[in-house]
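**Q** Counting in full-length UniProt numbering, the sequence shown runs from 1 upward without gaps. All residues carry an ideal CB built from backbone N, CA and C; glycine is no exception. Mind having a look at this structure? Questions to follow.
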Amino acid sequence: MRVLIVTAVGAEADSVTAGLTPLPDPVTPEPRTLPGGYPLHRRDLPGLAADVLVGGVGPAAAAAATATALALADYSLVVSAGIGGGFAPAAPPGSLVVADAVVAADLGAETPDGFVPVDALGFGRSVHLPPAELAARAAEATGALLAPVLTVSTVTGTAARAAELAARHPLAGAEAMEGFGVAEAAAAHGLPVLEVRAVSNPVGPRDRDAWRIGDALAALADGFQALGPVLVHWGEHHERQS
Ligand SMILES: O=C(O)c1cccc(C(=O)CC[C@H]2O[C@@H](n3cnc4c(=O)[nH]cnc43)[C@H](O)[C@@H]2O)c1
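So this is what it looks like as structure tokens:
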């Protein structure tokens, strides 16, 4: 199976590729550069060809990068991966969240009666659902929380905003900025999507001292080491079905 894994920044791509490199890699291949300037790292495991793309920060950049890669090669699955904010207490810094729903949390309209999501306005959609069995197996193998992951264009920085999001999405495990963009591009190509987030900070009042980016990147690498066999298994099943 060939899978496209989309990260926002190079450090996340490095963690993902490290996790997918089971033995010390004597030769670390240089990434290719796709049109648009997107670096694409390749990892080949038995039964799994993984392309790890650095697509930029935010849903629009992520969608553009993902669509570029999907136009250039055939994939069976697209994964949005990186660090994110975790909703307390379920997703503390250093933990992992696998999305059972990829939710556009701020795509819509503010009204006197509150936020209305874009699909309720009659446009497009605001949720993409990863294959349920794949998401469940991924969460089990990585020890992750299986929960909705919110995509936001603005990082939450106040208790009030965190409470508002939690009230609208009581089961949310994490927020990040790329998942829905990756999912929209995947859906446009008829492909399933998965989202994996390693928690670097709590969703809440802005506190740069509370960031645990190193811990999150390490958790992301560990997570992808555990995820490799799940993807191989899912790919074998998927190929038998098609
Ligand atoms: O300046 C801040 O207060 C701040 C706090 C958290 C994250 C940022 C970023 O600019 C990181 C954006 C980058 O990382 C992902 N990410 C990490 N934590 C969060 C979060 O709490 N909410 C949303 N996104 C987060 C995101 O996917 C981007 O790729 C700045």
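Where does residue 67 land, buried or exposed, given buried means 16+ other C-beta within 10 angstroms?
**A** Residue 67 comes out buried.
**Q** Can you tell me where the alpha helix (DSSP H) holding residue 15 begins and where it ends?
**A** Residue 15 -> alpha helix (DSSP H) spans 10-19.
**Q** In the DSSP assignment, what are the bridge partners of residue 114?
**A** 111.
**Q** Counting pairs of Cβ atoms below 8 angstroms between the segment 224-235 and the segment 54-70, do you hit three or more?
**A** Cβ pair count under 8 angstroms is below three, so no.
**Q** Would you mind working out which of 33, 197, 117, 190 sits nearest residue 142, comparing C-alpha positions?
**A** Residue 197 is the option with its Cα nearest to residue 142.
**Q** Helix, strand or coil for residue 209? Go by DSSP, reduced to three states.
**A** DSSP places residue 209 in helix when its eight states are reduced to three.
**Q** Within 6 angstroms: the Cβ of residue 94 and any heavy atom of ligand 1?
**A** No, since every heavy atom of ligand 1 falls outside the 6 angstroms radius drawn around the Cβ of residue 94.
**Q** According to DSSP, residue 41 sits in a beta bridge with which residue or residues?
**A** Per DSSP, 52.
**Q** Under a three-way DSSP split, which group does residue 85 fall into?
**A** Strand, per DSSP.
**Q** Can you give me the start and stop residues for the beta strand (DSSP E) that residue 148 sits inside?
**A** Looking at the DSSP string, the run of the beta strand (DSSP E) that includes residue 148 is 145-151.
**Q** What I want to know is whether the C-beta of residue 200 ends up closer than 6 angstroms to one or more non-hydrogen atoms of ligand 1.
**A** Under cutoff, so the answer is yes.
**Q** Let me confirm a value: residue 7 is counted as buried when at least 16 other C-beta atoms fall within 10 Å, else exposed. Which label applies?
**A** Its Cβ being crowded by 16 or more others within 10 Å, residue 7 is buried.
**Q** Starting from the C-beta of residue 17, find all residues in its chain whose C-beta is less than 6 angstroms away, skip the five residues before and the five after it, and write them out in chain order.
**A** Result list for residue 17: 41, 43, 52, in chain order.
**Q** Using only the alpha-carbon positions, how far apart do residue 111 and residue 183 sit?
**A** So the alpha carbons of these two residues sit roughly 26 angstroms apart.
**Q** Quickly, what does DSSP pair residue 220 with across the bridge? List them, please.
**A** In DSSP, residue 220 forms no bridge with anything.
**Q** Can you name, in chain order, every residue of its own chain whose Cβ lies under 6 angstroms from the Cβ of residue 83, other than the five neighbours on each side?
**A** Around residue 83: 198, 200, 216.
**Q** So is the beta-carbon of residue 206 under 6 angstroms away from any non-hydrogen atom of ligand 1?
**A** Because some heavy atom of ligand 1 lies under 6 angstroms away, the Cβ of residue 206 counts as near it: yes.
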